[in-house]
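So for the sequence shown, this note's numbering puts the first residue at 94; every next one is plus one.
For each residue, glycine too, the CB sits at the ideal point set by N, CA and C.
Quantities reported herein were computed from a predicted structural model and do not represent experimental measurements.
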Amino acid sequence: MDCIAHRGFAGVNPENTVQAVRAAASAGADWVEIDVRRCGSGELVVFHDATLDGLTGATGSVAATPLETLQSLSIGDSDAGVPTLAEVFEALPGGVGLNVELKERGLAADCLAVFDRYDTEVLVSSFDADTLQAVAERSSVPLALLFANGPDAALDTATSLGCAAVHPYRRCCDAGFINTAHGAGFDVNAWTVKTETQADRLAALDVDGLIVDAPACCRS
Ligand code: G3P
Ligand code: MG
94 MDCIAHRGFA
104 GVNPENTVQA
114 VRAAASAGAD
124 WVEIDVRRCG
134 SGELVVFHDA
144 TLDGLTGATG
154 SVAATPLETL
164 QSLSIGDSDA
174 GVPTLAEVFE
184 ALPGGVGLNV
194 ELKERGLAAD
204 CLAVFDRYDT
214 EVLVSSFDAD
224 TLQAVAERSS
234 VPLALLFANG
244 PDAALDTATS
254 LGCAAVHPYR
264 RCCDAGFINT
274 AHGAGFDVNA
284 WTVKTETQAD
294 RLAALDVDGL
304 IVDAPACCRS
């Protein structure tokens with residue numbers, strides 16, 4: 094069962110940072126999940142929220158803030174700033190995949206240009222079908238549809254997009270759903286696993302991957 098480090102094991106590392114990506118790989122993650130959006134000077138950066146307030150001492154939106162400023166910020170109480178997508182690829186050791194979650198539209202072409210520069214295995218995920226469609230129209234990179242409710246409709250959407258995987262919120266996972274998803278040919282990677290009890294329940298359901306906040310929640 095794949096261990097996918099959510100934001101680079103956000104429960105134990107400063108999330109979505111180069112430091113977290115390196116630490117997650119060292120801790121045995123098979124994949125690292127990161128969130129991507131575009132900053133004010135146009136580069137692709139790795140940051141979850143649309144605004145800076147919750148995770149840094151700064152205010153304002155990522156979309157309006159230039160890269161130079163983002164790189165000078167500190168994530169949480171760490172000394173790590175906001176990295177570019179390329180910097181995350183550079184930090185990732187061989188053999189560890191990157192699950193790139195696209196947080197907004199209009200990123201596909203620039204993301205694919207970055208992916209092309211590295212040998213890293215990539216899985217692109219998004220809650221937004223149009224965002225995945227934009228990637229599908231330009232490449233054969235494997236896709237995963239994220240969803241938090243409506244599992245039947247999500248499977249239909251994932252089928253029409255040609256997804257390789259579905260990424261359900263963990264509470265959407267029961268034996269019936271996993272069976273149907275597997276029958277339709279999808280891998281199932283559930284998010285976000287925060288406790289070992291949650292991990293054990295999902296592992297017993299035979300999911301393919303766990304998107305987890307800490308190494309202790311990985312299951313083999
Ligand atoms: O990719 C799984 C998970 O990251 C989706 O939710 O809000 O943590 O990006 P979020
Ligand atoms: Mg995410």
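query, result
"Residue range of the unbroken alpha helix (DSSP H) whose run includes residue 369", "Lying outside 94 to 313, the shown extent of the chain, residue 369 is not represented and no answer is given."
"Boundaries (first-last residue) of the alpha helix (DSSP H) holding residue 249", "244 to 254"
"Proximity of residue 114 and residue 178 at Cβ, strictly below 7 Å", "no"
"Shell residues, 6 Å Cβ cut-off relative to heavy atoms of the ligand G3P", "99, 126, 128, 141, 194, 218, 239, 260, 284, 285, 304"
"Nearest to residue 182 (by Cα), restricted to the options 200, 161, 141, 214", "214"
"The region 134 to 145 touching the region 196 to 215, judged by at least three CB pairs closer than 8 Å", "yes"
"Nearest-angstrom Cα separation, counted from residue 260 out to residue 278", "13 Å"
"Distance, residue 233 Cα to residue 247 Cα", "20 Å"
"Given residue 295 as reference, the closest of 262, 256, 237 once Cα atoms are compared", "262"
"Residues near residue 186 in its chain [Cβ-Cβ closer than 7 Å; skip 5 each side]", "118"
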